[in-house]
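Chains as they are written, first to last, in the numbering used here: chain A, 1 to 615; chain B, 616 to 820.
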């Protein structure tokens, strides 16, 4: 019950981790099924050996959608919740209530999407849901689950983004100027800004799909004057920034882990900040590079190609800064550091194929082949997942108060790392040899058999790596208690106990420079100098309203989805057909909003005596 | 001097920014409006892309009656002014005037909504429904979405008037009134673009 009502950002971070981790495993199982199907070519009698085409499409769609929206995003939000307020020396986030609302809308959106496995048709339209494939003509209720599930989850993301922007702008500790903020906070800041400007576009696009399907609108239906390419533009002006929403916090985590374990300050801090902001800006300028073969014309293709390549400049700045950070450092290869260092070359490979794809004439060759699949998995798994794992091993002690086992950690690293390259490196060649993506099977003896077999073996290595991580997590429950500062860290989060108390900082710290805690340690101090006298701390009260607000949207989603559906029971037909379910769902949400607006939450105070008692 | 008035005297000149919660709320709301800009930007872009696809349905120049729209515009822009008066009254700690001006704002909002409902009703009558053409779908999506914002704003400000009546003006209600007025101005600005891009451009060509 405590977990349903919590507004503590650290607990919400753990909720995000639990839900995101769960969906990561769901998406991973889907990936294994995909690879299992592609392990062997089509049989001699033309039979697929494992899955039929429809099921394959469903699994592939759900794999992509789950991994992006329900695994990577929440894991990143989990990290941001766990780390950002601590890094800037804040007692809380700006909007604790909205933070909880953000989690629950994401959670119910994700559940809605995955309920499709049990109740209806599963989305079979790819994670991009291209029109007219996602329209009524070609797909069943699966598209409704996609559009409405993501719509609800998207609300949570937008709310979270605004929350972190305000937190970082308004709630920094005394002395924590913008140019003293740790890089993970900086990247979270820019990412939140991208979310703010990218997600509303997705929301509108999803509304259009829903309107087309449920209310016979004509946005993407070409027969009635709609424009299917419009969906692609709307989707990618969200979808391209989305990959930077994911990768920037990953960059930030790497920029925290490398200096800590190299015992050096981050090389080129201000250029890192500049590069992050520039990437954030450029991410909105390049969406049409996903559409080179749509027929936009040479000029548009060339402009978007050049704009895309520009991103290599700030990214290159970052890569060299990371290299110079570890250069000549006193390197400690902990599990987190292994993941972080392996991230650099892996991500660079993904970046190089990205520049290759940014050349329009070449893209006409690579388009819709496994080369593209290899490219984005190098960026998203090699970039985001490797750095997320680095971040998890690095911040786990602070989040949970327990250490993860290093030996198991190294096992998981090598299994995952080798498995990853085994799976995806060869897919570059599969693409160049002509294997198209999104196909559920292929003819034997086209030169693709061995490579596909190898790729699938790699996927099992990755799965083994993930299983070892799970074992590590489970045994860490009884593992050694984490000290406040297990890695001899540099930033503020390490100056308070692990796990951090609910009020984070007993007294707000006085920040004197970059790497604030490290500065104090170099001066021979054990802890931060407080910026204020000890006083009572104001805390927000827990609330169940966010849970019910999201539940209301969840119910309304079903109501809209099945409004035109024929049930066997007349009673249920009436409920859905007259929008009674939809309206009552929305009513629950609005009543919760009303209650939230009317009842002022004064919170409570933790008194000085209590603070002193805890030591 | 009554208790409530004594309390008002202690209120700082800009009560919406007196507490950290208030400052957070105002900043967060500005950012939210940034997101709303993208939302409406996408709706506008869609409308511009699809406004030529009228199929057999009526075109904009056949439909639009500029006199009616001009009246709606006048009403809505006036309501922006009255919401400014409301915030000024708040800064002068004149709760009575604050409530009056908010009330006038709500009434003007209702007036605008009434005209819009009449307008939509008329359009459907002459064969311009939501499903008629891509043009009509994008028209109702954009203008209707704006209308939904106005309706929400009317409810919201109405609720705030009741809250003011019950709780009075303090550092919790003041930020709410301030962000509601920001919201209201935002809706008005969007309407100016709708007036230009949908109606004027639709009428002229």
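Don't be surprised by glycine CBs; every beta carbon is placed ideally from N, CA and C.
Could you tell me the distance, in whole angstroms, from the CA atom of residue i to the CA atom of residue j?
i	j	result
residue 616 (chain B)	residue 535 (chain A)	In this prediction, residue 616 (chain B) has a pLDDT of 41, which is less than 50 and means its spatial position is unreliable; nothing more can be read from the coordinates.
residue 206 (chain A)	residue 147 (chain A)	5 Å
residue 360 (chain A)	residue 544 (chain A)	51 Å
residue 773 (chain B)	residue 717 (chain B)	8 Å
residue 77 (chain A)	residue 589 (chain A)	23 Å
residue 177 (chain A)	residue 492 (chain A)	14 Å
residue 302 (chain A)	residue 743 (chain B)	41 Å
residue 347 (chain A)	residue 471 (chain A)	27 Å
residue 707 (chain B)	residue 680 (chain B)	41 Å
residue 751 (chain B)	residue 643 (chain B)	34 Å
residue 687 (chain A)	residue 334 (chain A)	Since the first residue shown for chain A is 1 and the last is 615, residue 687 (chain A) is missing from the structure and cannot be characterised.
residue 370 (chain A)	residue 429 (chain A)	8 Å
residue 62 (chain A)	residue 479 (chain A)	35 Å
residue 28 (chain A)	residue 70 (chain A)	12 Å
residue 22 (chain A)	residue 59 (chain A)	17 Å
residue 224 (chain A)	residue 563 (chain A)	23 Å
residue 245 (chain A)	residue 32 (chain A)	26 Å
residue 105 (chain A)	residue 610 (chain A)	35 Å
residue 712 (chain B)	residue 315 (chain A)	56 Å
residue 731 (chain B)	residue 509 (chain A)	55 Å
residue 703 (chain B)	residue 221 (chain A)	49 Å
residue 113 (chain A)	residue 659 (chain B)	29 Å
residue 797 (chain B)	residue 639 (chain B)	14 Å
residue 500 (chain A)	residue 83 (chain A)	10 Å
Apart from the five residues on each side of it in sequence, which residues of its chain come closer than 7 Å, Cβ to Cβ, to residue i?
i	result
residue 397 (chain A)	403, 482, 486 and 498
residue 342 (chain A)	386 and 417
residue 304 (chain A)	286, 288 and 289
residue 201 (chain A)	234, 237 and 238
residue 805 (chain B)	655 and 761
residue 116 (chain A)	122, 123, 142 and 145
When the Cα of residue i is compared with those of the options, which residue comes out closest?
i	options	result
residue 17 (chain A)	A:294, A:222, A:251 and A:400	A:400
residue 754 (chain B)	B:735, B:633 and B:634	B:735
residue 594 (chain A)	A:442, A:554, A:152 and A:548	A:548
residue 350 (chain A)	A:374, A:273 and A:332	A:374
residue 490 (chain A)	A:429, A:181 and A:407	A:181
residue 764 (chain B)	B:651, B:792 and B:646	B:651
residue 565 (chain A)	A:553, A:581 and A:552	A:581
residue 377 (chain A)	A:352, A:568 and A:395	A:352
residue 531 (chain A)	A:419, A:20 and A:173	A:173
residue 613 (chain A)	A:506, A:74 and A:585	A:506
residue 415 (chain A)	A:460, A:574, A:231 and A:56	A:460
residue 255 (chain A)	A:212, A:112 and A:325	A:325
Near residue i, what residues of its chain come up, given a Cβ to Cβ distance below 6 Å and the 5 sequence neighbours on each side ignored?
i	result
residue 90 (chain A)	171
residue 542 (chain A)	5, 6 and 7
residue 391 (chain A)	79 and 253
What is the DSSP secondary structure of residue i, counted as helix, strand or coil?
i	result
residue 481 (chain A)	strand
residue 616 (chain B)	Any reading at residue 616 (chain B) is ruled out, since the residue's pLDDT is 41, under 50, leaving its predicted position unreliable.
residue 693 (chain A)	The structure shown has nothing for residue 693 (chain A), since chain A only spans 1 to 615.
residue 369 (chain A)	strand
residue 289 (chain A)	helix
residue 618 (chain A)	Past the edges of chain A, shown from 1 to 615, lies residue 618 (chain A), and the structure says nothing about it.
residue 707 (chain B)	coil
residue 394 (chain A)	helix
residue 539 (chain A)	strand
residue 606 (chain A)	strand
residue 497 (chain A)	coil
residue 546 (chain A)	helix
residue 671 (chain A)	The structure shown does not extend to residue 671 (chain A), since chain A is modelled only from 1 through 615, so no value can be given for it.
What residues in the segment 252 to 278 of chain A bring their beta carbon closer than 8 Å to a beta carbon of chain D? The chain labelled as chain D is not found among the protein chains of the depicted structure, namely A and B.
What are the residues of the segment 661 to 682 of chain B that lie near chain A, defined by any Cβ-Cβ distance shorter than 7 Å? From the segment 661 to 682 of chain B, only 661, 664, 665, 668 and 670 have a Cβ closer than 7 Å to chain A.
What residues in the segment 219 to 247 of chain A have a beta carbon less than 7 Å from any beta carbon of chain B? So the close ones are 219, 224, 225, 226, 227, 230 and 234.
Output needed in chain order: residues of the segment 160 to 179 of chain A with a Cβ under 9 Å from some Cβ in chain B. Contacts with chain B (Cβ-Cβ distance below 9 Å) from the segment 160 to 179 of chain A involve 161, 162, 163, 165, 166, 167, 169, 170 and 171, listed in chain order.
So if I threshold CB-CB distances at 8 Å, which residues from the segment 582 to 607 of chain A count as touching chain B? Correct list: 594, 597, 598 and 600.
Got a sec: which bits of the segment 83 to 108 of chain A sit with their beta carbon under 9 Å from any beta carbon on chain B, in order along the chain? Hits within the stretch, in order: 94, 95 and 98.
Using Cβ-Cβ distances below 9 Å, what residues of the segment 734 to 760 of chain B are close to chain A? Those residues of the segment 734 to 760 of chain B placed with their C-beta closer than 9 Å to a C-beta in chain A are 745, 746, 747, 748, 749, 750, 751, 752, 753, 755, 756 and 760, ordered along the chain.
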